[in-house]
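Asks:
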């Protein structure tokens, strides 16, 4: 398990920080010391304390990491939003980032001059697979889910789900696109990269989908340019990460 956040990030490299979210061991106020006033206000808008914890911890990790790479104080980092709502850094030196979190786990992906997207889901999340699949997956993708035994259906469902979500987050398309118009050949952890095709995005075939190793019961997928040279995934437990943050 890593003991430090890398000192730098290089062009062509993707660094992913994966960390636990544990509301039994930590509280959201543990992480509100370096987030901005606007972020504190937004944190208070969350009704559930688990959601508030996830938000403040993710933003604290983001600001601590960027302050190290940009050689500045965490409160000097200005996070703004593009027209499509995707957050980015002002005066970023080319650093791009994307955040994801679910029950028990969060991750932040970083790159230089390459838009990336990442999505993580908890496999124990209660969901009507068949009903949702009809709304977000193509006919062939639904058939792929149905071809699995009962135990593997949910993993295949979320493998497809996180693939589409990571692409929509990388491009900033979000809810403006019918996900059924995106066709996915999903990745399989340690076996193959996945691909996708969206007819309104001629560059979609230049992206690859990578299923990243993460603790059970989670599944996580990264969408990144095929030109990416290396992916460095680092996992931190709650205590180790807290000791590294710049409070």
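Numbering (my numbering), first residue to last: 53 to 299. Idealized CB from N, CA, C, for every residue including glycine.
(1) If I'm right that residue 173 touches residue 210 with Cβ under 8 Å, what's the distance once you round it to whole angstroms?
(2) Ordered along the chain, which non-local residues of its own chain (more than five positions away) have a Cβ less than 7 Å from that of residue 217?
(3) Round the Cβ separation of residue 91 and residue 104 to the nearest angstrom and send it over; I've been treating them as touching at under 8 Å.
(4) Quick check: what's the CA-CA separation for residue 264 versus residue 270?
(5) What three-state label does DSSP hand residue 114 in the structure shown?
(6) Roughly how many whole angstroms lie between the Cα atoms of residue 208 and residue 156?
(7) Would you call the CB atoms of residue 226 and residue 137 closer than 8 Å?
(8) Classify residue 267: buried if its beta carbon has 16 or more other beta carbons within 10 angstroms, exposed otherwise.
(9) Determine, using beta-carbon pairs with one atom in the segment 253 to 261 and one in the segment 282 to 299, whether at least three such pairs fall under 8 Å.
(10) Terminal residues of the continuous beta strand (DSSP E) containing residue 248?
(11) What's the gap between the Cα of residue 120 and the Cα of residue 196?
(12) Check this for me: beta carbons of residue 231 and residue 261, under 8 Å apart or not?
(13) Going by CA-CA distance only, name the one from 128, 143 and 229 that's closest to residue 165.
(14) Quick check on the burial criterion: 16 or more other C-beta atoms within 10 angstroms. Buried or exposed for residue 282?
(15) Leaving out five residues before and five after residue 106 in sequence, what residues of the same chain have Cβ atoms less than 7 Å from its Cβ?
(16) Going along the chain, which residues of its own chain have a beta-carbon closer than 7 Å to the beta-carbon of residue 131, five neighbours each way excluded?
(17) Measuring straight from C-alpha to C-alpha, what distance separates residue 77 and residue 192?
(18) Between residue 255 and chain B, is there a C-beta pair that is closer than 8 Å?
Replies: According to the data block:
(1) Residue 173 to residue 210, Cβ: 5 Å. Contact.
(2) If we look at residue 217 and ignore the five residues flanking it on each side, its Cβ neighbours are 171.
(3) Not confirmed; about 11 Å, so no contact.
(4) Approximately 10 Å between the Cα atoms of the pair.
(5) For residue 114, the three-state secondary structure derived from DSSP is helix.
(6) Looking at the two C-alpha atoms, the distance is approximately 20 Å.
(7) It is a contact, given that the beta carbons lie within the stated cut-off.
(8) Counting Cβ neighbours within 10 Å, residue 267 comes out exposed, since fewer than 16 surround it.
(9) Because the criterion of three Cβ pairs below 8 Å is not met, the segment 253 to 261 and the segment 282 to 299 do not touch.
(10) If you look at residue 248, you'll find it in the beta strand (DSSP E) that goes 247 to 250.
(11) In this structure, the alpha-carbon of residue 120 lies about 44 Å from that of residue 196.
(12) Result no, Cβ atoms of residue 231 and residue 261 do not sit closer than 8 Å.
(13) Comparing Cα-Cα distances from residue 165 to each of 128, 143 and 229, the minimum goes to 143.
(14) Looking at its Cβ environment, which holds fewer than 16 other Cβ atoms inside 10 Å, residue 282 is exposed.
(15) Within the same chain, and ignoring the five residues on either side of residue 106 in sequence, the residues whose Cβ sits closer than 7 Å to its Cβ are 73, 153 and 158.
(16) If the five residues before and after residue 131 are omitted, its C-beta is found closer than 7 Å to the C-beta atoms of 139 and 141, all from its own chain and listed in chain order.
(17) Residue 77 and residue 192 have their C-alpha atoms spaced approximately 43 Å apart.
(18) As a matter of chain content, chain B is missing from the structure shown, which is built from one protein chain.
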